[in-house]
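Visitor: Line by line, the protein sequences give chains U and B. According to the numbering used here, the first sequence is numbered sequentially starting from 8. According to the numbering used here, the second sequence is numbered sequentially starting from 505. Think of the CB as a built atom: it goes at the ideal place given N, C-alpha and C, for glycine as much as any other residue. Bear in mind that the values here come from a model prediction, so they are computed numbers and not experimental data.
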Amino acid sequence: GNSVTQMEGPVTLSEEAFLTINCTYTATGYPSLFWYVQYPGEGLQLLLKATKADDKGSNKGFEATYRKETTSFHLEKGSVQVSDSAVYFCALIPLSGGSYIPTFGRGTSLIVHP
Amino acid sequence: DAGVTQSPTHLIKTRGQHVTLRCSPISGHKSVSWYQQVLGQGPQFIFQYYEKEERGRGNFPDRFSARQFPNYSSELNVNALLLGDSALYLCASSFGQSSYNEQFFGPGTRLTVL
Numbered sequence: 008g009n010s011v012t013q014m015e016g017p018v019t020l021s022e023e024a025f026l027t028i029n030c031t032y033t034a035t036g037y038p039s040l041f042w043y044v045q046y047p048g049e050g051l052q053l054l055l056k057a058t059k060a061d062d063k064g065s066n067k068g069f070e071a072t073y074r075k076e077t078t079s080f081h082l083e084k085g086s087v088q089v090s091d092s093a094v095y096f097c098a099l100i101p102l103s104g105g106s107y108i109p110t111f112g113r114g115t116s117l118i119v120h121p
Numbered sequence: 505d506a507g508v509t510q511s512p513t514h515l516i517k518t519r520g521q522h523v524t525l526r527c528s529p530i531s532g533h534k535s536v537s538w539y540q541q542v543l544g545q546g547p548q549f550i551f552q553y554y555e556k557e558e559r560g561r562g563n564f565p566d567r568f569s570a571r572q573f574p575n576y577s578s579e580l581n582v583n584a585l586l587l588g589d590s591a592l593y594l595c596a597s598s599f600g601q602s603s604y605n606e607q608f609f610g611p612g613t614r615l616t617v618l
């Protein structure tokens, strides 16, 4: 079956530090890949996505590149802010078989200190 | 424009009871998906409905059921509640069914089973 593995959190950084949150996946075929962010007390918001190999998704300074050879979709940001503190979820949706059942990772909590 | 709305916000039930959760998608969206998010975990897919038909079902027991109405709103029903059903239940809507369509999440319904 499909699976998504994220690095354990919490990740604690100082403001303006560089962020990497690792995500690897197992899936049949070539799924679409997503990063979602969840702020305290809220639902998930789509942060970025990539639908094919070597695509780079980007939004609000965050980037992730779809790496087929390493089955990875690591999230990066060059300079984090306190307002980036949230839980980040990596997810995939398969494209084959007519079924679009998404699989999410466990989430990685990010805490940014001033 | 209103986002995805869910009701109620919070709910407390006892074991063995039945619960109905409601979701209104973004206007124009025809697909609704339901997820269960246990504390500290990523969302687990329960159902997807598109054009009032079930298009996907996750690995949940038959105690879980759902339906979509002609106005595309949806209900999730859970019978014979167990303590383990305590979770945040998220609804997400999208315009189409495929993985190319961005899902917009509601704030969730927090269900506590005592």
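Does the CB of residue 612 of chain B have a neighbour CB from chain U at under 7 Å?
Guide: The count along the second sequence starts at 1 and reaches residue 612 of chain B at position 108. Yes, its Cβ sits closer than 7 Å to a Cβ of chain U.
Visitor: So for residue 587 of chain B, helix, strand or coil by DSSP?
Guide: Numbered from 1 along the second sequence, position 83 holds the residue referred to as residue 587 of chain B. Looking at residue 587 of chain B - three-state DSSP - the assignment turns out to be helix.
Visitor: Go through its chain and collect everything with a Cβ distance to residue 72 of chain U's Cβ below 6 Å, but skip five positions before and after it.
Guide: Taking the first residue of the first sequence as position 1, residue 72 of chain U is located at position 65. Taken in chain order, the residues that qualify are 63.
Visitor: With 7 Å as the threshold, decide whether the Cβ of residue 606 of chain B is near any Cβ in chain U.
Guide: Within the second sequence, numbered from 1, the residue matching residue 606 of chain B stands at position 102. For residue 606 of chain B, the answer is yes, since a Cβ of chain U falls inside 7 Å of its Cβ.
Visitor: Secondary structure at residue 597 of chain B, three-state DSSP: helix, strand or coil?
Guide: Start at 1 with the first residue of the second sequence, and residue 597 of chain B comes out as number 93. If DSSP states are grouped into helix, strand and coil, residue 597 of chain B belongs with the strands.
Visitor: Can you give the Cα-Cα distance for residue 583 of chain B and residue 109 of chain U, rounded to whole angstroms?
Guide: On the second sequence, position 79 is the one that residue 583 of chain B refers to. On the first sequence, position 102 is the one that residue 109 of chain U refers to. Taking the straight line from one Cα to the other gives about 24 Å.
Visitor: Quick check: is any heavy atom of the ligand FMN less than 6 Å from the C-beta of residue 591 of chain B?
Guide: By its list of ligands, the structure shown contains no ligand whatsoever, and the ligand FMN lies outside what it can speak to.
Visitor: If you pair each beta-carbon of the region 543-561 of chain B with each one of the region 588-607 of chain B, do three or more pairs fall below 8 Å?
Guide: Enough Cβ pairs lie closer than 8 Å, so yes.
Visitor: If you measure between the beta carbons of residue 576 of chain B and residue 529 of chain B, is that distance less than 7 Å?
Guide: Stepping through the second sequence from its first residue, residue 576 of chain B is reached at position 72. Stepping through the second sequence from its first residue, residue 529 of chain B is reached at position 25. The answer is yes: Cβ separation under 7 Å.
Visitor: According to DSSP, is residue 89 of chain U part of a helix, a strand, or is it coil?
Guide: Sequence index remark: in the first sequence, residue 89 of chain U carries index 82 (1-based). Residue 89 of chain U: helix per DSSP, three-state reduction.
Visitor: Roughly how many angstroms separate the alpha carbons of residue 517 of chain B and residue 50 of chain U, rounded to a whole number?
Guide: Taking the second sequence and counting its residues from 1, one reaches residue 517 of chain B at position 13. Taking the first sequence and counting its residues from 1, one reaches residue 50 of chain U at position 43. For residue 517 of chain B and residue 50 of chain U, the distance between alpha carbons rounds to 22 Å.
Visitor: Give the residues from the region 94-118 of chain U that approach chain B closer than 8 Å (Cβ to any Cβ), ordered along the chain.
Guide: Flagged, chain order: 96, 98, 100, 101, 102, 106, 107, 108, 109, 110, 111, 112, 113 and 114.
Visitor: Got a sec: is the Cβ-Cβ distance from residue 49 of chain U to anything in chain B below 7 Å?
Guide: By 1-based counting over the first sequence, the position of residue 49 of chain U is 42. Yes, its Cβ sits closer than 7 Å to a Cβ of chain B.
Visitor: If the cut-off is 9 Å on Cβ atoms, which residues from the region 27-55 of chain U count as contacting chain B, listed in chain order?
Guide: Here the close residues are 38, 39, 41, 43, 45, 48, 49, 50, 51, 52 and 53.
Visitor: Our contact map puts residue 81 of chain U next to residue 12 of chain U with C-beta atoms below 8 Å; I'd like the distance itself, whole angstroms only.
Guide: On the first sequence, residue 81 of chain U is found 74 positions in, with the first residue counted as 1. On the first sequence, residue 12 of chain U is found 5 positions in, with the first residue counted as 1. That pair is no contact at about 12 Å.
Visitor: Under three-state DSSP, which class holds residue 576 of chain B?
Guide: Walking along the second sequence from the start, residue 576 of chain B turns up at place 72. Coil, per DSSP.
Visitor: Could you tell me if residue 94 of chain U is buried or exposed, where buried requires 16 or more neighbouring beta carbons within 10 angstroms of its beta carbon?
Guide: To locate residue 94 of chain U, count along the first sequence from 1; it is residue 87. So residue 94 of chain U counts as buried.
Visitor: Counting C-beta neighbours from all protein chains within 10 Å, is the total for residue 573 of chain B 16 or more, i.e. buried, or is it exposed?
Guide: In the second sequence, counting from the first residue as 1, residue 573 of chain B sits at position 69. Exposed is the call here.
Visitor: What's the call for residue 536 of chain B, buried or exposed, on a 16-neighbour Cβ count within 10 Å?
Guide: Looking up residue 536 of chain B in the second sequence gives position 32. Residue 536 of chain B is buried by the Cβ-count criterion.
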